[in-house]
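Residue numbers for the sequence shown, in numbering that gives the first Met the number 0: 0 to 137. For every residue, glycine included, the Cβ atom is placed at its ideal position computed from N, Cα and C. In what follows, a single structure is set out as structure tokens and then discussed.
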Amino acid sequence: MRFFSNLFGQAKELTKLGNAVANIRKMLDEYEDDKDPFYLVVSSWICKVGVVDMIQKNGWLPNYVVYVPINGHQTKMSMGEVQLMTIGRLMKKVSDYGDADLEEKINDVLEGGPAFYEVDSKLPQRLKEVIEHPDFTL
């Protein structure tokens, strides 16, 4: 019985990760249309909670696979691809924004430092639920 409990628990965690990836993608796409750094800050929080923490908690290696809902299809991605699509893309946009203070804040959020807790305390619960739901919209 424990085998099935672990199996379903793992599936639930992978679904949360997939949803987080889909929502980071949506946030960064929105940022491309509206250069508000809010999208970058919220994306960094989702990256920390929905990607970094999930991968560490579950010990998933870079070649471990997850299915991510993108444009109505389940897209197969390795954890390495997940990190490039989320954290890598986020950091590229932060770098292009050209604000050293913002870059420092984003890095601190990703590392779980004081900026993470500052952002976490200001986010409404509705935004925090993006990890659970791929249909998040602003």
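Beta-carbon gap between residue i and residue j smaller than 8 Å
| i | j | result |
| --- | --- | --- |
| L101 | P36 | yes |
| S42 | I23 | yes |
| L27 | L89 | yes |
| V93 | V50 | no |
Simplified DSSP assignment, three categories, for residue i
| i | result |
| --- | --- |
| Y63 | coil |
| P68 | strand |
| K15 | helix |
| K34 | coil |
Rounded C-alpha distance that separates residue i from residue j
| i | j | result |
| --- | --- | --- |
| C46 | G112 | 14 Å |
| L60 | L13 | 13 Å |
| Y66 | A19 | 11 Å |
| S77 | K11 | 17 Å |
| I105 | K91 | 12 Å |
| K121 | K56 | 24 Å |
Of the listed residues the options, nearest to residue i (C-alpha basis)
| i | options | result |
| --- | --- | --- |
| V48 | A10, G17 and K91 | G17 |
| D73 | G58, A21 and E128 | For clarity, residue 73 is Gln in the given sequence; the question names Asp instead. It is A21 whose Cα lies nearest to the Cα of Q73. |
| G97 | V108, V65, N62 and K34 | K34 |
| V40 | Q124, G71 and A114 | A114 |
| W44 | K56, L109, K91 and G71 | L109 |
| G71 | I86, Q124, K25 and D95 | K25 |
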